[in-house]
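Novice: Sharing a structure here in structure tokens format.
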Amino acid sequence: MKLVPLGDRVVIKQLEAEQVTKSGIVLPTGAKEKPQQAEVVAVGPGGMVDGKEVKMEVKAGDKVIYSKYAGTEVKLDDNEYIIVKQSDILAIVE
Amino acid sequence: MKLVPLGDRVVIKQLEAEQVTKSGIVLPTGAKEKPQQAEVVAVGPGGMVDGKEVKMEVKAGDKVIYSKYAGTEVKLDDNEYIIVKQSDILAIVE
Amino acid sequence: MKLVPLGDRVVIKQLEAEQVTKSGIVLPTGAKEKPQQAEVVAVGPGGMVDGKEVKMEVKAGDKVIYSKYAGTEVKLDDNEYIIVKQSDILAIVE
Amino acid sequence: MKLVPLGDRVVIKQLEAEQVTKSGIVLPTGAKEKPQQAEVVAVGPGGMVDGKEVKMEVKAGDKVIYSKYAGTEVKLDDNEYIIVKQSDILAIVE
Amino acid sequence: MKLVPLGDRVVIKQLEAEQVTKSGIVLPTGAKEKPQQAEVVAVGPGGMVDGKEVKMEVKAGDKVIYSKYAGTEVKLDDNEYIIVKQSDILAIVE
Amino acid sequence: MKLVPLGDRVVIKQLEAEQVTKSGIVLPTGAKEKPQQAEVVAVGPGGMVDGKEVKMEVKAGDKVIYSKYAGTEVKLDDNEYIIVKQSDILAIVE
Amino acid sequence: MKLVPLGDRVVIKQLEAEQVTKSGIVLPTGAKEKPQQAEVVAVGPGGMVDGKEVKMEVKAGDKVIYSKYAGTEVKLDDNEYIIVKQSDILAIVE
């Protein structure tokens with residue numbers, strides 16, 4: 001089974017937060033309000049969304065920063081995904 | 101009797117949540133805020149809705165993920181349906 | 201006396217909820233937040249409403265499902281009506 | 301002195317609620333949230349209002365149903381009027 | 401010194417509420433939520449305001465009814481003015 | 501160092517409130533919700549702002565009345581400025 | 601790794617607040633609601649954002665004043681960045 005997002009929606013999969021920094025310091029895991037890194041799994045077709053033309057600018061495989069509280073969590077075949085609107089993606093990490 | 105949705109509305113019927121995963125683990129049923137899987141029963145004609153052109157992208161029989169709190173529950177002939185706007189449907193499950 | 205709705209408004213009259221299901225079970229009447237079935241009594245002319253073109257898609261005599269909290273109750277000659285906007289009508293029951 | 305409403309505004313004068321129904325039952329007067337019947341006293345010119353073209357559809361003398369909480373009460377020469385936007389008028393009573 | 405309002409703003413000066421009615425009854429002054437009568441002192445140029453074309457329809461000297469809570473009080477040379485948007489003016493009193 | 505405002509923003513500098521009126525009465529300083537007089541220090545270029553064309557109508561040196569709670573205070577080289585949108589400026593004082 | 605902002609977003613890096621003024625006075629650090637100075641690190645492409653054409657007016661290296669509560673904090677390789685929309689940038693400091 002796979003998720004095919006509609007409109008300007010994007011399916012992402014959260015990356016494990018690195019809990020040890022380069023310099024070897026262990027970071028606390030409780031920082032609840034931080035944005036998250038995720039990998040793009042599937043991208044909607046874009047087009048007219050709520051009366052506005054949306055062009056999709058991310059693609060599957062991109063690593064992205066997103067607004068944590070904007071998405072909807074979905075569980076499918078024991079995998080957890082998050083479905084966000086493209087406008088909730090803040091930046092691509094290269 | 102059948103429901104004929106207006107505008108960009110979609111009639112869906114909730115699928116029973118699978119309570120046993122592939123690996124045989126029984127999942128709790130109380131997770132109230134999770135999005136839901138549903139099957140599309142009927143689809144409105146789309147067109148101009150609130151001043152915006154809406155093209156319907158789901159069809160009867162599609163399995164979809166929707167935002168649980170967005171719909172309106174309707175009971176008809178002992179069947180329970182949910183009427184949502186197409187924009188409350190996040191993704192199609194294939 | 202009769203009500204002539206303006207713009208995209210629709211005058212409806214609530215149908216008595218069937219309190220006995222096909223299988224003979226008596227349903228409780230207290231379910232306050234459920235959408236309601238109603239019959240359309242009069243339909244506004246549509247046209248430009250709040251800067252948007254609205255085409256009326258229901259007609260007098262239609263049985264409809266509407267969002268219960270959206271309308272305004274009106275009493276006229278001992279009859280009770282509800283005036284809703286067409287966008288508060290979710291589906292036609294055929 | 302008279303009130304000349306601007307834009308899409310309408311000056312109305314509340315009709316006394318009939319407190320005795322046809323069948324002779326005295327109705328309570330305390331039902332605060334009910335919509336009200338009123339007579340149209342003066343009608344603004346319509347035209348561009350908040351960036352949208354508004355065509356006036358009521359005229360002086362019309363009996364109308366309006367949303368009670370939408371208007372502004374005005375007292376002029378011992379008369380009490382209510383100034384509403386035309387969109388707060390739900391229906392004409394004929 | 402004088403106030404030159406920008407955009408669709410209008411400078412008005414509140415008229416003393418008449419505290420004695422025609423029939424000689426003294427009215428209480430505490431009715432806080434009533435709309436107010438005022439005289440127009442200066443009128444902005446109108447034109448494009450917040451992306452919408454606004455045509456000014458009041459002029460200096462007009463007596464108007466306005467929504468009391470919408471304006472901003474300004475004191476200049478011991479005079480008190482109120483600056484409102486034209487859309488907060490409900491009607492002209494002629 | 502100087503502040504160069506973007507879009508429809510205007511940098512203003514609050515004028516000391518005159519605490520003695522013409523007639524010699526000392527005014528209290530605690531009136532917190534009053535609009536303020538300020539002098540315009542720098543003006544953004546205007547143009548398309550949030551999808552709307554904005555034409556700047558104030559210029560450096562103008563004395564203006566503004567909505568006190570709308571701006572953002574900025575400290576630069578021991579000077580305190582306020583950055584507001586032009587639409588928060590109510591009138592020019594001439 | 602680097603951050604490539606989408607749409608009208610801008611990646612900025614907060615400048616250390618100068619805690620000693622020219623005149624040698626030590627400023628308190630607790631002033632939580634003040635806007636902040638930051639340096640622009642990366643700028644999105646602009647273009648159609650939420651149905652509106654946005655032209656980017658800041659560039660990497662600019663020192664800017666921004667609305668403190670508007671951005672999202674991001675940590676990457678031990679550096680802390682803030683991602684804001686260009687409209688949250690109030691002025692450039694030259």
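Chains as they are written, first to last, in the working numbering: chain U, 1 to 94; chain A, 101 to 194; chain S, 201 to 294; chain C, 301 to 394; chain V, 401 to 494; chain Z, 501 to 594; chain W, 601 to 694. Ideal placement from N, C-alpha and C gives every residue a C-beta, glycine not left out.
Listing by chain order, which chain V residues have their CB less than 9 Å from the CB of M348 (chain C)?
Specialist: Neighbours of M348 (chain C) on chain V, chain order: K452, E453, V454 and K455.
Novice: Does the beta carbon of V674 (chain W) come closer than 8 Å to any beta carbon on chain U?
Specialist: It does: the Cβ of V674 (chain W) has a partner Cβ on chain U nearer than 8 Å.
Novice: Does DSSP classify Q2 (chain U) as helix, strand or coil?
Specialist: First, the residue type needs correcting, since residue 2 (chain U) is Lys and not Gln in the sequence shown. Looking at K2 (chain U) - three-state DSSP - the assignment turns out to be coil, as it is neither helix nor strand.
Novice: Would you mind sorting D562 (chain Z) into buried or exposed? The rule is 16 or more other CB atoms within 10 Å of its CB.
Specialist: Result: buried.
Novice: For K13 (chain U), count neighbouring C-beta atoms within 10 Å of its own C-beta (all shown protein chains included) and say buried if the count is 16 or more, exposed if not.
Specialist: That one is exposed.
Novice: Given a cut-off of 8 Å on the beta-carbon distance, is the pair R309 (chain C) and G344 (chain C) in contact?
Specialist: Result yes, Cβ atoms of R309 (chain C) and G344 (chain C) sit closer than 8 Å.
Novice: Measure from the alpha carbon of Y169 (chain A) to the alpha carbon of each residue in A:K159, A:A160, A:D178 and A:Q137, then state which is nearest.
Specialist: Considering only alpha carbons, the answer is A:Q137.
Novice: When the cut-off is 8 Å and only beta carbons count, does V293 (chain S) lie next to chain A?
Specialist: Yes - at least one Cβ of chain A is within 8 Å of the one on V293 (chain S).
Novice: Would you verify that the beta carbon of G130 (chain A) is, or is not, closer than 8 Å to some beta carbon of chain U?
Specialist: Bear in mind that a pLDDT of 48 at G130 (chain A), under 50, signals an unreliable position, so the model cannot answer this.
Novice: Using the beta-carbon count (16 or more within 10 Å), is K685 (chain W) buried or exposed?
Specialist: Answer is buried; the Cβ neighbour count reaches 16.
Novice: Can you tell which of S:V293, S:E280 and S:Y266 has the C-alpha that lies nearest to the C-alpha of S287 (chain S)?
Specialist: The option with the nearest alpha carbon to S287 (chain S) is S:Y266.
Novice: Give the secondary structure of K413 (chain V) by DSSP, where H, G and I count as helix, E and B as strand, and everything else as coil.
Specialist: Reduced to three states, the DSSP call for K413 (chain V) is strand.
Novice: Let me see if you follow: with CB-CB separation under 8 Å, is L590 (chain Z) close to chain W or not?
Specialist: Cβ-Cβ to chain W under 8 Å: no for L590 (chain Z).
Novice: Run through DSSP, which three-state label would A231 (chain S) get?
Specialist: Because the pLDDT of A231 (chain S) is 43, which lies under 50, any placement of that residue in the model is unreliable, and the question is left without a value.
Novice: For M1 (chain U), tell me which candidate among U:L90, U:I89, U:V93 and U:D78 has the shortest Cα-Cα distance.
Specialist: It is U:D78 whose Cα lies nearest to the Cα of M1 (chain U).
Novice: I283 (chain S) versus chain A: which residues are under 9 Å apart at the beta carbon?
Specialist: Chain A residues near I283 (chain S): none, gap ~17 Å exceeds 9 Å.
Novice: Within this structure, are the beta carbons of A191 (chain A) and V11 (chain U) separated by less than 8 Å?
Specialist: Cβ atoms of A191 (chain A) and V11 (chain U): closer than 8 Å.
Novice: So V104 (chain A) contacts chain S; which residues on that side make the cut at Cβ distance below 8 Å?
Specialist: Per Cβ cutoff of 8 Å: A291, I292, V293 and E294.
Novice: Figure out for me which residue from V:E494, V:V464 and V:A460 has the closest Cα to the Cα of P405 (chain V).
Specialist: Residue V:A460 is the option with its Cα nearest to P405 (chain V).
Novice: Against chain U, with Cβ distances strictly below 8 Å, would I165 (chain A) count as a contact?
Specialist: Closer than 8 Å to some Cβ of chain U, the Cβ of I165 (chain A) qualifies, so yes.
Novice: Rounded C-beta distance between L176 (chain A) and E139 (chain A)? I'm assuming under 8 Å.
Specialist: Wrong, their Cβ atoms sit about 16 Å apart, outside the cutoff.
Novice: Can you name the start and end residues of the beta strand (DSSP E) that Q137 (chain A) belongs to?
Specialist: Looking at the DSSP string, the run of the beta strand (DSSP E) that includes Q137 (chain A) is Q136 to V143.
Novice: Along chain W, in chain order, which residues have C-beta atoms closer than 7 Å to that of V511 (chain Z)?
Specialist: Those within 7 Å of V511 (chain Z) in chain W are A691.
Novice: Go ahead and pull the three-state DSSP assignment for A570 (chain Z).
Specialist: Correct three-state label for A570 (chain Z): helix.
Novice: For L303 (chain C), collect the residues of the same chain with a Cβ closer than 8 Å to its Cβ; drop the 5 residues on either side in sequence, then sort them by chain order.
Specialist: Excluding sequence neighbours, L303 (chain C) sits near V311, V341, A342, V374, L376, Y381 and I383.
Novice: Closer than 8 Å, CB to CB, is K52 (chain U) near chain B or not?
Specialist: Of the protein chains in this structure, namely U, A, S, C, V, Z and W, none is chain B.
Novice: With C-beta atoms as the reference, is G487 (chain Z) less than 8 Å away from K652 (chain W)?
Specialist: Nothing about residue 487 (chain Z) can be read from this structure; chain Z reaches only from 501 to 594.
Novice: Considering only residues of the same chain and omitting the five flanking positions on each side of T372 (chain C), which have a CB-CB separation below 6 Å?
Specialist: Here the set comprises I383.
Novice: So the beta strand (DSSP E) G47 (chain U) belongs to, where does it begin and stop?
Specialist: Where G47 (chain U) is concerned, the enclosing beta strand (DSSP E) stretches over G47 to V49.
Novice: Return the first residue and the last residue of the beta strand (DSSP E) that A491 (chain V) is part of.
Specialist: Counting along the chain, the beta strand (DSSP E) containing A491 (chain V) begins and ends at I489 to V493.
Novice: Is the separation between the beta-carbon of V649 (chain W) and that of G607 (chain W) shorter than 8 Å?
Specialist: A contact, by the Cβ cut-off of 8 Å.
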